[in-house]
Every structure is written in C-alpha cells, then in structure tokens.
Amino acid sequence: MPYYKIAYNKQQEVYYPRAVVQGKPVETETIAKDLAKISTVSNSDVQAVLGDIAGVMHARMAMGKSVHIKGLGYFRYTLTAKGVKKLEDFDFEKQVQAVRVEFIPEREKITSGTYSRALVDSEQLEWIRITPEAEEVESEVTGVLDLKTQKMDGTLTRGQLTKFTGNGLLLVGSDGTSPGAIDFYQSDSPDTSVETVTIFGHNTDTEVVFVVPIDLTEGKYQVTLTTYYSGTETPLEEPRVIECPEVTLV
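For the sequence shown, the positions run 17 to 266 when our numbering is used.
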C-alpha cells in the first residue's frame with residue numbers, strides 16, 4: 017500500500033495529495049530474493065544479472081536506442097537543456113545541462129479500449145494517508161538565504177550554497193543517523209520530484225545548508241524537506257515532509 021500526504025500549494029492556494037516514500041529503499045539483494053522465490057533461478061544468479069543490467073542498458077542506450085524490458089517498460093536517454101534564440105548561437109556542449117533516463121511504463125490494451133500501465137495499473141492501489149504523528153511537531157522553513165548573493169527573496173543560484181532556517185529542520189533518515197532529503201519540484205508539475213539533495217554542509221534543528229543542484233533549469237520550484245526527526249533521540253515511524261516557500265533558480 018503506497019502512502020500520501022496532504023500538501024498545500026501556496027501560489028495556487030490549493031490542497032492536493034502528494035506521494036510519500038516510506039523508510040529506506042528496497043535494495044537489489046531483497047529484489048533478488050523475491051525473484052528467486054518465484055522462479056527456478058538461484059538468488060546469487062539473480063543478483064549477478066541485476067548487477068550487470070545497468071551496464072548493458074547503458075551500452076544500448078548509448079547507441080541511440082531505447083531499451084524495452086518486457087512487462088516493465090521502456091528506458092531511454094533524454095536531455096535537460098537551455099535554449100538560445102538564434103540558431104547561429106546553438107552550442108550542444110554549452111546548452112546541455114544534464115543527461116537523464118526517461119522511463120515509460122509498458123502499456124497493454126484492455127477490453128474496454130483503454131490501456132493499463134505496468135507497475136501502476138497491474139492491481140488496484142490502496143493509498144494510505146501518513147499518520148498524524150508525522151505532522152505533530154511544529155516544523156517550518158522561515159527563511160531562505162542565497163549565501164553567494166545574500167538575497168533572502170527566494171532567488172537561489174544554481175551550483176551555490178543556500179541556507180534554510182526555521183524550526184524542526186534536522187534532516188535524518190528512518191534510522192535517525194542517515195541523512196534526510198530535500199526535493200525540488202517544478203511549480204507547474206508539483207507531483208514529480210526532479211532533483212533530490214542528500215548531502216548537507218550544515219544540518220541542525222534550526223539551519224540546513226546545501227548546494228543547489230547545478231543541473232536544474234532556471235525557473236520556479238517548490239521545495240520539500242523530508243525527515244524522521246522527532247525532537248528526541250527516537251526517530252519518527254513515518255516521515256515528516258516540510259514545505260518550503262517557492263523559490264526561483266537562476
């Protein structure tokens with residue numbers, strides 16, 4: 017059962033559900049064990065194949081191909097780039113900001129004439145709202161400072177240090193010691209994270225300092241901070257997601 021939280025978009029003044037990832041990622045070893053249980057292949061063989069799949073996929077996608085994993089979907093390389101107004105100013109190396117991998121779930125036409133998508137529509141998903149415990153402690157971002165320009169108006173420089181100030185900001189994982197996360201969402205599509213930061217230069221209850229990802233494009237972003245910090249030595253059972261004022265990347 018996947019989880020969601022009720023999020024609020026201050027700019028559009030609307031409430032909407034946002035998916036929340038629980039706990040630590042499921043690692044390759046666990047997936048291999050699950051696959052071994054439903055097949056005749058040994059756990060070690062499954063792990064060996066899964067360990068090699070990234071390199072094999074890269075080799076094929078580097079040839080300009082998309083890779084189709086039957087029953088799962090399609091993978092291909094895409095570019096995040098900035099544009100220029102004049103064709104004579106076009107420069108591939110200077111304009112490309114990041115190479116990303118796009119995943120498109122496999123679709124299958126069903127009797128009603130509509131399509132089902134692998135992973136998403138394979139079975140009915142029962143979405144559960146995260147428990148109120150994760151929202152009890154007062155946590156908020158009260159200030160945003162670009163440490164390069166010293167601006168506090170929400171304008172942040174990509175690739176430079178930024179400081180968030182507030183209350184209950186200590187970003188920790190479910191074990192209470194690993195780092196939490198800062199997610200960037202484009203304001204026009206606030207349900208999809210485009211970049212996650214997990215490395216912090218300073219990380220306390222009242223201040224978090226980090227480098228704004230340089231490969232993000234210029235524009236407006238919503239930012240969330242995810243933490244299991246409870247205010248005590250015992251981490252929360254469910255993550256707390258802290259909304260940050262909208263920022264503009266330059």
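Every residue gets a Cβ at the ideal spot worked out from N, C-alpha and C, and that includes glycine.
Sequence-distant Cβ neighbours of threonine 242 in its own chain, meaning closer than 6 angstroms and more than five residues away, are Gly196, Ala197, Pro255, Val257. For arginine 174, no alpha helix (DSSP H) run applies, since DSSP gives it neither H nor E. Of Ala75, Tyr237, Leu232, Tyr244, the smallest CA-CA separation from alanine 114 is found for Leu232. Counting along the chain, glutamine 111 sits inside the alpha helix (DSSP H) bounded by residues 108-111. As the crow flies, the alpha-carbon of isoleucine 22 is around 9 angstroms from that of alanine 35.
Per DSSP, the unbroken alpha helix (DSSP H) holding valine 65 starts and ends at 59-77. Apart from the 5 residues on each side of it in sequence, isoleucine 120 sits with its Cβ closer than 7 angstroms to the Cβ of Gly89, Tyr90 in its chain, given in chain order. Take glutamine 28, set aside five residues on each side of it, and no residue of its chain has a beta-carbon closer than 8 angstroms to its own.
For isoleucine 47, the uninterrupted alpha helix (DSSP H) run begins and ends at 44-53, by DSSP. Listed as beta-bridge partners of phenylalanine 226 by DSSP are Thr178. When secondary structure is reduced to three states using DSSP, aspartate 105 falls in the helix class.
Within a 10 Å sphere around the beta-carbon of isoleucine 146 sit 16 or more other beta-carbons, which makes this residue buried. Per DSSP, the unbroken beta strand (DSSP E) holding glutamine 202 starts and ends at 197-202.
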